[in-house]
Amino acid sequence: MLKEERQAYIIHQINLHNKVLSSDLSVQLNVSEDTIRRDLNDLAENGQVLKVYGGALSKSFQYPFQEGHVYAKEAKKVIAKKAIGLIKNGMTVLAGGGTTMIEMARMVPKDTQCTFFTISPLVAMELAEKESVEVILMGGILSRNTNIVSGAQVINEMSEIKVDLCLLGTNSLSVDEGITDSDWEVVQIKKAMLKCSKHVAILSIAEKLNSNQRMRVAPLRDVSYLITDLDNNHKSLKEFKKHIEVL
């Protein structure tokens with residue numbers, strides 16, 4: 002594979018999953034980790050990714066308010082609009098982080114009367130614009146890699162609440178493995194979010210479906226709804242519809 006092809010693949014994986022590890026890319030591309038590190042250095046110097054220890058981050062995830070950086074923005078708007086349909090007055094909702102969740106927060110109608118818990122300061126800022134929405138930002142250590150709070154404090158706080166609906170983004174989702182991720186701390190936070198929620202809706206662009214990461218969050222049976230940018234009758238959703246409600 003040519004260098005240009007390899008780097009195009011790396012950029013796509015970073016945009017899709019927000020974060021990549023050099024070790025994973027080395028296996029996927031069948032090259033040395035030194036080669037991957039050189040590629041990531043080149044991409045970082047060109048301003049295309051953010052280099053971090055052991056891998057790289059997506060600029061769209063780190064700078065979601067800069068319009069030109071958001072990956073699959075129109076698809077995420079479609080998903081956000083569908084997700085809004087699940088929110089009813091009087092509900093208590095728990096929202097995760099990420100660019101799709103920010104789009105959802107922007108679309109919440111101003112007259113919505115409900116309480117939102119969130120682990121994302123960026124999502125909280127968007128929700129705070131709605132005068133009739135009560136916003137509770139959960140406490141914890143702010144991760145610079147994910148822009149969400151993590152750690153034992155936020156997990157303890159979640160153990161003390163029970164919400165009607167959890168809106169959660171995902172790194173990967175498949176029928177066999179369910180929700181998976183590549184970040185250990187994120188996995189623990191998501192597990193706690195599912196545990197305190199009556200219903201769970203996964204918000205995912207189509208490209209993340211039928212893919213798996215190294216760490217499991219939960220099986221598909223723990224999910225109530227799958228919300229994608231695809232038409233409900235799309236063939237990619239056929240197997241998912243056998244297990245959960247697809248919107």
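Taking the working numbering, the leading residue of the sequence shown gets 2, the next gets one more, and so forth.
Glycine included, every Cβ here is placed at the ideal spot set by N, Cα and C.
Bear in mind that the values here come from a model prediction, so they are computed numbers and not experimental data.
Taking only the alpha-carbon atoms, compute the straight-line gap between Asn157 and His244 and give it to the nearest angstrom.
-> 31 angstroms
Using 8 angstroms as the Cβ pair cut-off and three pairs as the minimum, do the region 199-218 and the region 116-124 touch?
-> At 8 angstroms Cβ cutoff, the stretches do not touch.
Straight-line CA distance for Tyr226 to Gly170?
-> 12 angstroms
In its own chain, which residues sit with a C-beta less than 8 angstroms from the C-beta of Ser160, not counting the 5 before and 5 after it?
-> If we look at Ser160 and ignore the five residues flanking it on each side, its Cβ neighbours are Ala193, Lys196 and Cys197.
Can you have a look at His18 and say buried or exposed, based on whether 16 or more other CB atoms are within 10 angstroms of its CB?
-> buried
Output yes or no for whether 8 angstroms exceeds the beta carbon distance between Ile256 and Lys163.
-> Lying before the first or after the last residue shown, residue 256 is absent from the chain, which here runs from 2 to 248.
Could you check if Tyr54 is buried or exposed, using at least 16 other CB atoms within 10 Å of its CB as the buried criterion?
-> So Tyr54 ends up on the exposed side.
Inter-residue Cα distance where the pair is Lys89 and Ala76 = Taking the straight line from one Cα to the other gives about 23 angstroms.
Hey, Asp223 and Val201: beta-carbon distance below 8 angstroms or not?
-> yes
Along the alpha helix (DSSP H) that carries Val94, what are the first and last residues, could you check?
-> Annotation for Val94: no alpha helix (DSSP H) segment contains it, though the beta strand (DSSP E) segment containing it runs Thr93 to Ala96.
Tell me where the beta strand (DSSP E) around Leu174 begins and ends.
-> Ser173 to Ser175
Sufficient close CB pairs (3 or more, under 8 angstroms) joining the region 7-17 to the region 41-60 = yes
Kindly identify the DSSP beta-bridge partner or partners of Val224.
-> Note: Val224 sits in no beta bridge, so no partner.
Where does Glu135 land, buried or exposed, given buried means 16+ other C-beta within 10 angstroms?
-> exposed
Among Arg7, Ser144, Asp177 and Glu132, which one has its Cα closest to the Cα of Lys111?
-> Of Arg7, Ser144, Asp177 and Glu132, the smallest CA-CA separation from Lys111 is found for Glu132.
Shortest alpha-carbon distance to Gly99 belongs to which of Leu210, Gln29 and Ser205?
-> Ser205
Cβ-based neighbour list, Leu128, same chain, cut-off 6 angstroms, excluding 5 preceding and 5 following = Ala106, Phe117, Val134 and Val136
Opening and closing residue of the beta strand (DSSP E) in which His200 lies | DSSP places His200 in the uninterrupted beta strand (DSSP E) bounded by Ser198 to Leu204.
Assuming Thr52 contacts Leu248 (C-beta within less than 8 angstroms), just tell me the rounded distance between them.
-> Note that residue 52 is Lys in the sequence shown here, rather than Thr. Not a contact, Cβ separation roughly 37 angstroms.
Are the Cβ atoms of Gly97 and Leu143 separated by less than 8 angstroms?
-> no
Would you kindly report the start and end of the unbroken alpha helix (DSSP H) that includes Leu87?
-> Element bounds for Leu87: n/a, residue is neither H nor E.
Check whether the Cβ atoms of Asp25 and Val94 lie closer than 8 angstroms to each other.
-> no
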